[in-house]
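Input: a single structure, listed below in structure tokens.
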Amino acid sequence: MKKLNKARTDYLSWDEYFMSIAKLSSMRSKDPSTQVGACIVSNDNRILSIGYNGAPNGFSDVNFPWSREGDMLNTKYAYVCHAEMNAILNYRGSRHELEHAKIYVDLFPCNECAKLIIQAGIKEVIYLSDSFKDKDGVLRETDAVKASKRMFNECGVTFHEINLSTSKVVIDLQKRV
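Numbering (the working numbering), first residue to last: 1313 to 1489.
In structure tokens:
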């Protein structure tokens, strides 16, 4: 009697897979304090685009102000392109394909990125965290996140935090198959 092979059962779920791609993309960011990645996915689980936060094209990373504190023109906040923005701008297909897509991000989108997500037609946001730690180490939801949630609710964009409590993905790039 021949023994049948069985498929693996310890493979990544779609959510784990796409969030891992977003996290891997975030590792391209040169931001010393906050690395964020994004992965846009179609309804049939095909990757449409990815992005990470960083300096605009043509703005030298060496001359880029990466500071979080100080006057606005000498901090990253006046200049940085967020991961969601880059993922949307990196997309090279038709706008129709973005409609009803999902976006995976490690940090909940700010209000500016929420506007881009809504305008692109993306209908679902899956995220790892929606809070920042303040100076006391307490997690706080920012006004930008509150505004994003308000816009998403008003515009029919669903959002939820991904549950990866039992999942830890480790990728060894040196391991050979």
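Glycine residues also receive a C-beta, built at the ideal position from the N, C-alpha and C atoms.
This one's a predicted model, so the numbers in the text were calculated from it and none came from an experiment.
Please go through the same chain and pick out, in chain order, the residues whose beta-carbon is closer than 6 Å to the beta-carbon of THR1470, but skip the five residues on each side of it.
Against the sequence shown, residue 1470 aligns to sequence position 158. Hits under 6 Å: GLU1436.
Can you say whether TYR1416 is buried or exposed, counting buried as having 16 or more other CB atoms within 10 angstroms of its CB?
Here residue 1416 refers to the residue found at position 104 when the sequence shown is read from its first residue. TYR1416 should be labelled buried.
Report the CB separation of ASP1343 from TRP1378 in whole angstroms; it is logged as a contact under 8 Å.
By one-based count along the sequence shown, residue 1343 stands at place 31. By one-based count along the sequence shown, residue 1378 stands at place 66. Confirmed, about 6 Å.
How about PHE1464 and ALA1432: do their beta carbons lie closer than 8 Å?
For the purposes of this step, residue 1464 is taken as residue 152 along the sequence shown, with counting starting at 1. For the purposes of this step, residue 1432 is taken as residue 120 along the sequence shown, with counting starting at 1. Not in contact: PHE1464 and ALA1432 (Cβ atoms no closer than 8 Å).
Between ASN1375 and LYS1480, what straight-line distance do the alpha-carbon atoms span, to the nearest angstrom?
If you number the sequence shown from 1, residue 1375 lands on position 63. If you number the sequence shown from 1, residue 1480 lands on position 168. Computed Cα separation, rounded: 36 Å.
Do the stretch 1327-1343 and the stretch 1378-1392 make contact, defined as three or more Cβ pairs closer than 8 Å?
yes
With DSSP as the reference, identify every bridge partner of GLY1366, one or two as the case may be.
Here residue 1366 is taken as the residue at index 54 of the sequence shown, counted from 1. Paired residue(s): CYS1393.
Roughly how many whole angstroms lie between the Cα atoms of TYR1389 and HIS1412?
Here residue 1389 refers to the residue found at position 77 of the sequence shown. Here residue 1412 refers to the residue found at position 100 of the sequence shown. Distance between the alpha carbons of TYR1389 and HIS1412: 29 Å.
ASP1442 to LEU1360 span [Cα, whole Å]
Residue mapping note: residue 1442 aligns to position 130 of the sequence shown, counting from 1. Residue mapping note: residue 1360 aligns to position 48 of the sequence shown, counting from 1. About 24 Å.
Entirely within the stretch 1414-1485 and at least 4 residues each: give me those alpha helix (DSSP H) ranges in chain order.
1423-1432 and 1455-1467
Contacts around ILE1400, its chain only, beta-carbon distance under 6 Å, and the 5 residues preceding and following it disregarded
The residue you call residue 1400 lines up with position 88 of the sequence shown. Same-chain partners within the cutoff: LEU1428 and ALA1432.
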